[in-house]
Amino acid sequence: MADTAAPITTDLDFEREGKQVGALKVPHAREDSALGALLMPVTTIRNGEGPTVLLIAGAHGDEYEGPVALMKLARDLKPEAIRGRVIIVPALNLPALLAGRRHSPIDGKAISSCFPGDRQGTITQAIAAFTRDELVNRADLVLDLQSGGRSMIFLPHVAIQRQDDPAAMATALAAAPPSARRSDWCVTISTAPDRSPASSEPVPSST
Ligand SMILES: [Zn+2]
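Written out as structure tokens, the structure reads:
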């Protein structure tokens, strides 16, 4: 179902200094608009040289906490408060979020199952491909805010994909709140196929 043959575009310039509030234009032809598009809100804030942090929420459309938090942050964060770049995507699976559903009502997909994505695929697969190629690839650190939606209750925790590079692992740990690093609620997750099934191991407390 190639319903997004046209590419996703944006008028945001991710290299520009300062704060830009814009959108990804996701082509979506539909009954009432042959050239229709979804506008996925994105904010990019840059203040000089430094690392890039990508903040994502709304991977599942029934999880409202992350989108609310990132929309507030996108409104309030000023360039002078950072060094480097922050890219904020509060509604990654926008159709699902607008519908209040875990999966997109357009193609029935959860975006977390769509990576690495397919630019010629369904709308959720195309968003996943753009996210990986244009956003994740720009980032030194990616924070994906998730919660339990309507079917689960999540205890607060930080899950970190285990990194082979010690510097990368240290960066990931540094991004976790100190309260999480001192507890069992900071876990590392291995997703590499040559490793044992996804494990959940407490990370040694950081000093
Ligand atoms: Zn989720």
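In my numbering, the protein residues as written are 11 to 217.
Even for Gly, the Cβ is constructed at its ideal location relative to N, Cα and C.
Within its chain, find whatever has a CB closer than 6 Å to the CB of Ala149; leave out the 5 residues flanking it on each side and keep chain order.
-> Locating residue 149 in the sequence shown gives position 139, where the first residue counts as 1. These residues qualify, in order along the chain: Thr62, Leu64.
Around the C-beta of Pro187, are 16 or more other C-beta atoms found within 10 angstroms, so that it is buried, or is it exposed?
-> Walking along the sequence shown from the start, residue 187 turns up at place 177. Pro187 comes out exposed.
Identify whether Gly131 lies in helix, strand or coil by the three-state DSSP scheme.
-> To locate residue 131, count along the sequence shown from 1; it is residue 121. Judged by DSSP in its simplified three-state form, Gly131 adopts coil rather than helix or strand.
Where the beta strand (DSSP E) through Met50 begins and ends = Residue 50 sits at position 40 when you count from the first residue of the sequence shown. Met50 -> beta strand (DSSP E) spans 47-57.
Entirely enclosed beta strand (DSSP E) segments - the stretch 57-134, minimum 3 residues = DSSP runs (the beta strand (DSSP E)) wholly in the stretch 57-134: 62-67, 94-99.
Report whether the distance from the Cβ of Glu75 to the nearest heavy atom of ligand 1 is below 7 Å.
-> Walking along the sequence shown from the start, residue 75 turns up at place 65. Not one heavy atom of ligand 1 is found less than 7 Å from the C-beta of Glu75.
Meets three-Cβ-pair contact criterion under 8 Å: the stretch 82-97 and the stretch 47-55 = Verdict: yes, contact present.
Alpha carbon of Val197 to alpha carbon of Pro37, nearest angstrom | The residue given as residue 197 occupies position 187 in the sequence shown. The residue given as residue 37 occupies position 27 in the sequence shown. C-alpha separation (whole angstroms): 38 Å.
Buried or exposed by the 16-neighbour rule on C-beta atoms within 10 Å, applied to Gln130 = Here residue 130 refers to the residue found at position 120 when the sequence shown is read from its first residue. With fewer than 16 Cβ atoms within 10 Å of its Cβ, Gln130 is classed as exposed.
Check whether the stretch 151-170 touches the stretch 133-141, taking contact to mean three or more Cβ pairs, one atom from each stretch, closer than 8 Å.
-> No, because fewer than three Cβ pairs between the stretch 151-170 and the stretch 133-141 fall closer than 8 Å, the two stretches do not touch.
Going by beta carbon distance, what residues of the same chain come within less than 7 Å of Leu34, once the five residues before and after it are set aside?
-> For the purposes of this step, residue 34 is identified with residue 24 of the sequence shown, where counting begins at 1. Contacts found: Ile18, Thr20, Met50, Val52, Phe140.
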